[in-house]
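Peer 1:
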Amino acid sequence: MTVKQVGLVGSGIMSSGVAEVVAKAGMDVALRSRTQEAVDAMVAGLEKSLAKQVEKGKLDDAASAEIRGRVRAVTDLSELSSCDLVLESVVEDITVKKQLFTDLDDVCANAKILATNTSTLSVGDIAAATKNPERVCGIHFFNPAPVMPLVEIVRAEKTGSATVSGARTFAEACGKTVVDVIDRAGFIVNSLLFPYLNNAVKALDAGLATRDDIDAAMKGGCNFPMGPLELLDLVGLDTSLSILEALHDEYQDPNYVPAPMLEQMVGDGRLGRKTGQGFYDYSK
Ligand SMILES: NC(=O)c1ccc[n+]([C@@H]2O[C@H](COP(=O)([O-])OP(=O)(O)OC[C@H]3O[C@@H](n4cnc5c(N)ncnc54)[C@H](O)[C@@H]3O)[C@@H](O)[C@H]2O)c1
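For the sequence shown, our numbering begins at -11 and goes up steadily by one.
1) Take I176 and list the residues in its own chain whose beta-carbon comes closer than 8 Å to its own, dropping the five residues that flank it on each side.
2) Please return the same chain residues whose Cβ sits closer than 8 Å to the Cβ of D193, not counting the five positions on each side in sequence.
3) For T(-10), is the classification buried or exposed, using 16 other Cβ atoms within 10 angstroms of its Cβ as the cut-off for buried?
4) Out of G174, M253, A204, point me to the one whose CA is closest to A274's CA.
5) Quick check: L225 and L259, are their CB atoms within less than 7 Å of each other?
6) Give a single yes or no on whether M206 has its beta carbon closer than 6 Å to a heavy atom of ligand 2.
7) Quick check on the DSSP output: what are the complete alpha helix (DSSP H) runs of length 4 or more inside the segment 96 to 121, in order along the chain?
8) When we look at the beta-carbon of T198 and count the other beta-carbons within 10 Å, is it buried (16 or more) or exposed?
9) Buried or exposed for T165, going by 16 or more other Cβ atoms inside 10 Å?
10) Under 7 Å, do A150 and D171 count as touching if we go by C-beta distance?
11) Taking only three categories from DSSP, how would you classify T198?
12) Taking a contact to mean a Cβ-Cβ separation below 7 Å, would you say C162 touches A13 in this structure?
13) CB of I127 to nearest heavy atom of ligand 1: below 6 Å?
14) Ignore the nearest five residues each way along the sequence and tell me which others in K262's own chain have a CB closer than 6 Å to its CB.
15) What residue does the beta strand (DSSP E) around V124 start on, and which one ends it?
16) So for I141, helix, strand or coil by DSSP?
17) Tell me whether N131 is buried or exposed, calling it buried when 16 or more other Cβ atoms sit within 10 Å of its Cβ.
18) Tell me which same chain residues have a C-beta within less than 6 Å of the C-beta of A133, skipping the five on either side of it?
19) What is the DSSP secondary structure of G208, reduced to helix, strand or coil?
20) Determine the DSSP secondary structure at Q240, reduced to helix, strand or coil.
21) Using alpha carbons as the reference points, say which of G57, S230, K207 lies closest to V276.
22) If you follow the alpha helix (DSSP H) that A133 is in, where does it begin and where does it stop?
23) DSSP state of D91, grouped into three classes?
24) Along the chain, where does the beta strand (DSSP E) containing G(-5) start, and where does it finish?
25) Assuming V(-3) and M15 make a contact with CB atoms under 8 Å, what is their CB distance in whole Å?
26) Examine the Cβ distances between the segment 78 to 89 and the segment 48 to 62 and report whether three or more of them are shorter than 8 Å.
27) Can you tell me which of the three DSSP states V31 falls into?
28) Using a Cβ-Cβ cut-off of 7 Å (strictly less than) and excluding sequence neighbours within five positions of L109, which residues of its own chain qualify?
29) How would you write the range of the beta strand (DSSP E) that N55 sits in, first residue to last?
30) With a threshold of 6 Å (Cβ to nearest heavy atom), would E25 be considered close to ligand 1?
The following block contains the structure:
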């Protein structure tokens, strides 16, 4: 299965990063958001990122123009009808994703793969919103997508073998290391990572140490590139809260009960880097 045209749905952190990865891998990208403003902002973000790479000598002007030329911005879902593969990265909400897959199933009759970038939701539940669950799988990129080497390919109960192998070929064409995983909340990485991140928030709240010392301890003591609180700000605290809730729903393990401080911060609109305020201040 050769993927030439990729539809990306959603205009947040993940779709923006994946758009750059896919266009750099030589595939055409249709970027879809519900509003022209949001999709224009994504394209502007991509242009800024490419310009920075040209400035640093990582890309030349011709390559940058070629990559930019592969990306078209659209607002109507029907404009994804010619795509071979569609990957959604919209808000981590099962109702929203199910509705989107019902719509994609109708609009993208020719797509070989309809994929979700969900971090924790059931791919099988999302697939059940379509008439063709065999072409639905998870293609889980990590943040920031242009930098992080891993992609988890998630096989739900009804996912077809051709879908799994096509998704693997696509992710490898994007230059990623691929792992296969069955459809359990959090897959490999987040089911192991989130108890740790959650406990870091609980430790901060309990006064175990300062924010800076918690992050410094895990970087210096475990050789992690980022501390847990910095990482939560990068992921987004709202997304992190949704991930913990989904993990708790599935496993009923108290380690996944979201730290009250995390819930409080989300309630206050402090979502991390994307809002300029999280555990750290990004507004300056
Ligand atoms: N942030 C991460 O580190 C990360 C990593 C891997 C996967 N993911 C997954 O990717 C997906 C998106 O995460 P993100 O971090 O890009 O989120 P984000 O908050 O940056 O973006 C969410 C997007 O969803 C759109 N949206 C919100 N409500 C919608 C609706 N009702 N209908 C259609 N679109 C709607 C928003 O406009 C926005 O474009 C989630 O499923 C998340 O679990 C996130």
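In this text, a Cβ means the ideal position worked out from N, Cα and C, and glycines have one as well.
Peer 2: If we stick to the structure as given:
1) Counting from 1 along the sequence shown, the entry for residue 176 is found at position 188. Excluding positions up to five away in sequence, the list reads E140, V167, V169.
2) As a working mapping, residue 193 is identified with position 205 in the sequence shown. If we look at D193 and ignore the five residues flanking it on each side, its Cβ neighbours are A247, P248, M249.
3) Counting from 1 along the sequence shown, the entry for residue -10 is found at position 2. With fewer than 16 other Cβ atoms within 10 Å, it is exposed.
4) No answer is possible for residue 274: it lies beyond the span of the chain, which begins at -11 and ends at 272.
5) For the purposes of this step, residue 225 is identified with residue 237 of the sequence shown, where counting begins at 1. For the purposes of this step, residue 259 is identified with residue 271 of the sequence shown, where counting begins at 1. Closer than 7 Å, so yes.
6) For ligand 2, the structure offers nothing, since it holds only ligand 1.
7) 111 to 115
8) Counting from 1 along the sequence shown, the entry for residue 198 is found at position 210. Exposed is the call here.
9) The sequence position of residue 165 within the sequence shown is 177, counting from 1. Exposed, by the Cβ-count rule.
10) Reading the sequence shown from its first residue, position 162 is the one you call residue 150. Reading the sequence shown from its first residue, position 183 is the one you call residue 171. It is not a contact, given that the beta carbons lie outside the stated cut-off.
11) As a first step, residue 198 must be located in the sequence shown, where it is residue number 210. In this structure, T198 counts as coil in the three-state DSSP scheme.
12) Translated into positions along the sequence shown, residue 162 becomes position 174. Translated into positions along the sequence shown, residue 13 becomes position 25. Closer than 7 Å, so yes.
13) If you number the sequence shown from 1, residue 127 lands on position 139. No, ligand 1 has no heavy atom inside 6 Å of this Cβ.
14) As a position in the sequence shown, residue 262 is number 274, starting the count at 1. The residues are G224.
15) Indexing the sequence shown from 1 puts residue 124 at position 136. Note, V124: beta strand (DSSP E), 124 to 129.
16) As a working note, residue 141 is residue 153 in the sequence shown. It is a strand residue.
17) Residue mapping note: residue 131 aligns to position 143 of the sequence shown, counting from 1. When all chains shown are included, N131 counts as buried.
18) Along the sequence shown, one-based indexing puts residue 133 at 145. Cβ neighbours of A133 within its own chain (closer than 6 Å, five residues either side excluded): G5, V6, V9.
19) By one-based count along the sequence shown, residue 208 stands at place 220. It is helical.
20) Residue 240 sits at position 252 when you count from the first residue of the sequence shown. Coil at Q240, not helix or strand.
21) No information on residue 276 is available, as it lies outside the stretch -11 to 272 that the chain covers here.
22) Here residue 133 corresponds to residue number 145 of the sequence shown, with the count starting at 1. Looking at the DSSP string, A133 is not in any alpha helix (DSSP H), and its letter there is neither H nor E.
23) Position 103 of the sequence shown holds residue 91. Correct three-state label for D91: helix.
24) Residue numbering aside, residue -5 sits at position 7 when the sequence shown is read from its first letter. Per DSSP, G(-5) belongs to the beta strand (DSSP E) from -7 to -3.
25) For this step, residue -3 is matched to residue 9 along the sequence shown. For this step, residue 15 is matched to residue 27 along the sequence shown. Going by Cβ atoms, the distance from V(-3) to M15 rounds to 16 Å, so no, they are not a contact pair.
26) Note that the segment 78 to 89 does not touch the segment 48 to 62; fewer than 3 beta-carbon pairs, one per stretch, sit closer than 8 Å.
27) For the purposes of this step, residue 31 is taken as the residue at position 43 of the sequence shown. Helix, per DSSP.
28) Indexing the sequence shown from 1 puts residue 109 at position 121. The residues are E80, I82, K85, A234.
29) Within the sequence shown, numbered from 1, the residue matching residue 55 stands at position 67. Just to set this straight, residue 55 is Ile in the shown sequence, not Asn. Counting along the chain, I55 falls outside any beta strand (DSSP E), though it belongs to the alpha helix (DSSP H) covering 49 to 57.
30) To locate residue 25, count along the sequence shown from 1; it is residue 37. Not so, every heavy atom of ligand 1 lies at least 6 Å from the Cβ.
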